[in-house]
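Structure record follows, encoded as structure tokens.
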Amino acid sequence: MKRFLTLVAAVAASMILAAGAHAQFGFLVGLTSSSVKMASSDAISLYHAGLTYKIDLPSGFAIQPAVLYQVKGANVGQLGTATDEDFKVKTGFVEVPLGLQWGPHLAAFRPYVFAEPFIGYRVSSTDRGNESFRDWASQAKNKFEYGFGLGAGLEISDHLQLSVQWFNNLGVMFSKPAEAGAESLEKVKNFEGIKFSLAILF
Numbered sequence: 224m225k226r227f228l229t230l231v232a233a234v235a236a237s238m239i240l241a242a243g244a245h246a247q248f249g250f251l252v253g254l255t256s257s258s259v260k261m262a263s264s265d266a267i268s269l270y271h272a273g274l275t276y277k278i279d280l281p282s283g284f285a286i287q288p289a290v291l292y293q294v295k296g297a298n299v300g301q302l303g304t305a306t307d308e309d310f311k312v313k314t315g316f317v318e319v320p321l322g323l324q325w326g327p328h329l330a331a332f333r334p335y336v337f338a339e340p341f342i343g344y345r346v347s348s349t350d351r352g353n354e355s356f357r358d359w360a361s362q363a364k365n366k367f368e369y370g371f372g373l374g375a376g377l378e379i380s381d382h383l384q385l386s387v388q389w390f391n392n393l394g395v396m397f398s399k400p401a402e403a404g405a406e407s408l409e410k411v412k413n414f415e416g417i418k419f420s421l422a423i424l425f
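Here the sequence shown stands for residues 224 to 425, numbered as in the working numbering.
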């Protein structure tokens, strides 16, 4: 929690320092299609929404932090168990990404590429499967997430952004070993996927 609050404070400080530069506040919404890093995983389409703040820098660079409610999930299959039921993981995070952009201004358009490290804190968990899986997942999930994304976007008339991003959660999703007889649950890795986002800047 301390690391998460430190990052939030750093983002807030960057916004204050940018008060004299050209900066825009905005809203951001989009689709998150995520899976986990295992062969039997299927992607689930969920969503993200929140606030963003773009800070223009010289030579086509920009910094764009945000605060999002980000929902990630995956269908992880049957995990080698005797049941025919698929298991699903679904987690909601308060996520703080810090986008580092570069792109030339071309009349009314600005194509750009970006790298985006992020950190998040788990605020919801709605896993589906048998009782053993749900109980273990709710207790074993890490509260913190961190990772990075790489993407590209198009900014239109300085007020509308359309972007696509590949993201990769680092570290592990679960910190607690599975109970005896349920070792297959430990095959569930961390999230990765694609985000499609729309931002409106003012």
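Don't be surprised by glycine CBs; every beta carbon is placed ideally from N, CA and C. On a predicted model such as this, the values are computed, not experimentally measured, just so you know.
Coarse secondary structure for residue i, derived from DSSP in three states
i	result
GLY283	helix
ASP358	helix
LYS399	coil
ALA331	coil
LYS313	strand
LYS366	coil
LYS410	helix
ILE239	Because the pLDDT at ILE239 is just 48, under 50, the model does not fix this residue reliably, and the point stays unresolved.
ASP381	coil
ILE417	strand
HIS271	strand
ASN298	strand
GLU339	strand
PHE371	strand
LYS260	coil
Straight-line gap, residue i to residue j (C-alpha atoms, nearest Å)
i	j	result
VAL294	SER257	9 Å
THR275	PRO320	9 Å
LEU424	SER263	40 Å
GLY394	GLY370	8 Å
GLN384	PRO400	42 Å
ALA363	PRO334	41 Å
ALA285	ALA266	31 Å
GLY253	ARG345	19 Å
GLU308	GLU378	44 Å
ALA331	PHE341	29 Å
LEU329	VAL290	28 Å
Residue i: CB within 7 Å of a non-hydrogen atom of the ligand ZN
i	result
ALA422	Because no ligand of any kind appears in the structure shown, any question about the ligand ZN cannot be addressed here.
Beta-carbon spacing of residue i, residue j below 8 Å
i	j	result
PHE211	ASN353	Residue coverage of the chain in this structure runs from 224 to 425, which leaves residue 211 outside it and unanswerable.
PHE414	ARG351	no
GLY326	VAL336	yes
LEU302	LYS410	yes
SER380	LEU251	no
LYS313	GLY296	yes
LYS195	PHE390	Residue coverage of the chain in this structure runs from 224 to 425, which leaves residue 195 outside it and unanswerable.
GLY322	TYR292	no
GLY372	VAL387	no
SER361	SER348	yes
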